Amino acid sequence: MKKITALTLFALVIVASVFFTACGDKLADSGYVGTWKCTTGEMGGTEVDIEKVIGDFSITLSEDGKATVKVDEEQSEGEWELKDGGFQINNEDGSLEFKEDAGVVYLVQNDIKMEFKKE
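Structural data, given as structure tokens:
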């Protein structure tokens, strides 16, 4: 009986490791892994220099699903996941949904559309 329980447990560990590895590979293969810097923004049809308005704004996405959001001197940690047409960053403060179009990632927040380019 102990042998069957040990074999079952071993099989579950193998299945779980394959499952979690496959999820990590999916993120790594998405093309979003890396650091993205906010370059410009648009509000009411007027282009805004994000660096002048809020300072340095960047996001870093890791293969393991971790995300770091930096706004000027402040930094926040969270997790990211793939969404249809982009990705979403989640942390204890909420979530940010990013959309992608032709290699450029966009975030719309408070009526400002911000453009991020991969560094």
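All residue numbers for the sequence shown refer to my numbering, where the first residue is 57 and numbers rise by one.
Glycine residues also receive a C-beta, built at the ideal position from the N, C-alpha and C atoms.
None of these values were measured; they are calculated from a predicted model.
Opposing strand residues paired with residue i [DSSP bridges]
| i | result |
| --- | --- |
| G142 | K139, K155 |
| K82 | BP columns for K82 are empty, so no partner. |
| N147 | G150 |
| E171 | T96, Y162 |
Residue burial classification, residue i (beta-carbon count within 10 angstroms, cutoff 16)
| i | result |
| --- | --- |
| S151 | exposed |
| G134 | buried |
| M170 | buried |
| A123 | buried |
| G87 | exposed |
| G97 | buried |
Cβ distance (whole Å) where residue i is taken to contact residue j below 8 Å
| i | j | result |
| --- | --- | --- |
| V160 | K173 | 6 Å |
| W92 | I115 | 5 Å |
| V125 | I145 | 6 Å |
C-alpha gap between residue i and residue j, whole angstroms
| i | j | result |
| --- | --- | --- |
| D149 | G142 | 20 Å |
| E89 | N147 | Checking the sequence shown, residue 89 turns out to be Val, not Glu. Approximately 18 Å, taken between the alpha carbons. |
| D167 | M99 | 6 Å |
| S132 | D112 | 14 Å |
| L83 | D157 | 18 Å |
| T95 | D85 | 24 Å |
| G121 | L138 | 10 Å |
| E129 | K108 | 14 Å |
| V127 | G101 | 23 Å |
| Q162 | F154 | One detail in the question is off: residue 162 reads as Tyr in this sequence, not Gln. Approximately 5 Å between the Cα atoms of the pair. |
| A78 | E103 | Residue confidence is low: A78 scores 42 on pLDDT, short of 50, so the model does not pin down where it sits. Its coordinate-derived value is still stated next. Each residue's alpha carbon lies about 40 Å from the other. |
- [ ] Give, in chain order, every unbroken run of the beta strand (DSSP E) that is at least 3 residues long and sits entirely within the region 86-137.
- [x] 90-99, 102-104, 113-117, 122-127
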